[in-house]
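Following: one structure in structure tokens, then a few remarks.
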Amino acid sequence: AQAGLGAVMSKKKKKRDESSSSSEEPPEKKRKAAASSDSSSSGGKKKTKKKDKKKVKKPEKKEKKDKKEKKKEKRQTVELDIPAPPPGILRVTYSQEESGPLGLKFSAGCPPIVLAVHKDSPAEAKGVPLNCTVGWVNGVELLKRNTEVVMGMMRKRPVVIDFKPTGWRPEAEIKAEEKEKKERERATKQAEADMARERQALDAKHKEEEARMKAQIAENERLDAEIQQRRGERYEAFLAAQKQAIDEYNGRLRNDDPELLRKGYNLLNGKVGCSVEGGKPIPLKFVAIHKDCAWEYAENGRLVIPDLIGVSSKARDPTDVW
32 AQAGLGAVMS KKKKKRDESS SSSEEPPEKK RKAAASSDSS SSGGKKKTKK
82 KDKKKVKKPE KKEKKDKKEK KKEKRQTVEL DIPAPPPGIL RVTYSQEESG
132 PLGLKFSAGC PPIVLAVHKD SPAEAKGVPL NCTVGWVNGV ELLKRNTEVV
182 MGMMRKRPVV IDFKPTGWRP EAEIKAEEKE KKERERATKQ AEADMARERQ
232 ALDAKHKEEE ARMKAQIAEN ERLDAEIQQR RGERYEAFLA AQKQAIDEYN
282 GRLRNDDPEL LRKGYNLLNG KVGCSVEGGK PIPLKFVAIH KDCAWEYAEN
332 GRLVIPDLIG VSSKARDPTD VW
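Structure below.
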């Protein structure tokens, strides 16, 4: 059994050795085999290509040429490391082979304006419009301080020129202007709303003030009417009290002795140094009762104030009590 097992193992070992030797072929043989296979395949391809070339038409060749030129321009642009132009800008690329004139006539000043596009020129083929301006050359913006340097870059090839159409403005500037316009409109609306609120507040204040003034005027009129009424009542009371005093005074006069009244009159109107008739004194009231000696006297139903010495006014104080 052991002998049979050993024989089997030796056979397996021989097989492994043969497979390893076949895999370890020299590299030269491999290269030759690969070359022969490539030559056989390439020969087949060449035959098919020749057949296809016969069928290709001229317009397809032109399209391929245009694509190649575009790829070349892109490659040259990438080589110059120029960023993409802003929206609305026309980018024109002159390749290394286009060493002749641009085909454009520029105006003086900065930025130069395209005044003319020469016929059958590269500029016409690239679709450069009239009245556009040069914005950037090889990615460098054209400014007054670098006009000579940037315009001089157009003489070299390759060159990339970015043209600004008439009336072109940067998108950021347009957005900023629109934003500013919206802000102004919003501020205007806000100001109008604030002014309307202030106007309403002022109108309400004026109405309130007007109502207060009307109420004050009505109150003043009521107070004036009340004062006038009180004055009228007081005056009527004063007249009634005056009439009552006159009546009482006249009543006292009627009840007094007529002889004493006569003696008092004669004494008042007599000569200086005269005395009472009969030599007997009489009460002072029979002298002061006459109007020539009285502070006030009744005449035609009203009190009269005579012109007294030292009196500057005849106005009577209704609050005086006599």
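Our numbering puts the first residue of the sequence shown at 32, with every later residue one more than the last.
Backbone N, C-alpha and C define an ideal beta-carbon position, used for all residues, glycine too.
The structure displayed is predicted, hence computed values, not measured ones.
Using DSSP with H/G/I as helix, E/B as strand and the rest coil, what is residue i?
i           : result
residue 123 : strand
residue 318 : helix
residue 227 : helix
residue 216 : helix
residue 329 : strand
residue 79  : Low confidence applies here, because residue 79 scores a pLDDT of 47, under 50, leaving its location unreliable and the question unanswered by this model.
residue 335 : strand
residue 65  : At residue 65, the pLDDT of 49 sits below 50, so the modelled position is not reliable and the matter cannot be decided from this model.
residue 54  : With a pLDDT of 47 at residue 54, under the threshold of 50, the modelled position of this residue cannot be trusted; read the value that follows with caution. Residue state, collapsed to three classes: helix.
residue 311 : coil
residue 289 : helix
residue 258 : helix
residue 28  : What the structure shows of the chain is the stretch from 32 to 353, and residue 28 is not part of that stretch, so it cannot be assessed.
residue 295 : helix
residue 263 : helix
residue 109 : Model confidence at residue 109 stands at a pLDDT of 46, short of 50, so the residue's coordinates are unreliable and nothing is read from them.
residue 301 : coil
residue 323 : coil
Candidates the options: which alpha carbon is nearest residue i's?
i           : options               : result
residue 196 : 164, 217 and 221      : 164
residue 135 : 160, 273, 316 and 170 : 160
residue 278 : 310, 329 and 237      : 329
residue 180 : 205, 141 and 121      : 141
residue 272 : 162, 222, 188 and 334 : 334
residue 323 : 310, 337 and 311      : 337
residue 289 : 320, 198 and 221      : 320
residue 293 : 282, 315, 304 and 303 : 315
residue 188 : 131, 229 and 233      : 131
residue 152 : 125, 331, 325 and 223 : 125
residue 184 : 331, 215, 167 and 162 : 167
Determine the direct distance from the alpha carbon of residue j to that of residue i, and round the result to whole angstroms.
i           : j           : result
residue 267 : residue 261 : 10 Å
residue 192 : residue 137 : 13 Å
residue 274 : residue 242 : 47 Å
residue 54  : residue 113 : Since pLDDT at residue 54 reaches only 47, below the 50 mark, its modelled position is unreliable, and no value is offered.
residue 182 : residue 226 : 56 Å
residue 311 : residue 256 : 59 Å
residue 286 : residue 247 : 58 Å
residue 212 : residue 221 : 14 Å
residue 224 : residue 238 : 21 Å
residue 236 : residue 254 : 26 Å
residue 258 : residue 244 : 20 Å
residue 171 : residue 228 : 54 Å
residue 325 : residue 276 : 15 Å
residue 240 : residue 251 : 16 Å
residue 199 : residue 129 : 28 Å
residue 204 : residue 214 : 15 Å
residue 217 : residue 209 : 12 Å
residue 207 : residue 162 : 26 Å
residue 148 : residue 219 : 48 Å
residue 249 : residue 332 : 40 Å
residue 175 : residue 127 : 28 Å
residue 146 : residue 139 : 10 Å
residue 309 : residue 282 : 27 Å
Is it true that the CB of residue j sits closer than 8 Å to the CB of residue i?
i           : j           : result
residue 291 : residue 269 : no
residue 301 : residue 313 : no
residue 123 : residue 150 : no
residue 190 : residue 177 : no
residue 299 : residue 307 : no
residue 154 : residue 133 : yes
residue 116 : residue 202 : no
residue 120 : residue 194 : yes
What ranges does the alpha helix (DSSP H) occupy inside the segment 125-204, keeping only unbroken runs of at least 4 residues that lie completely in it? 153-156 and 178-183
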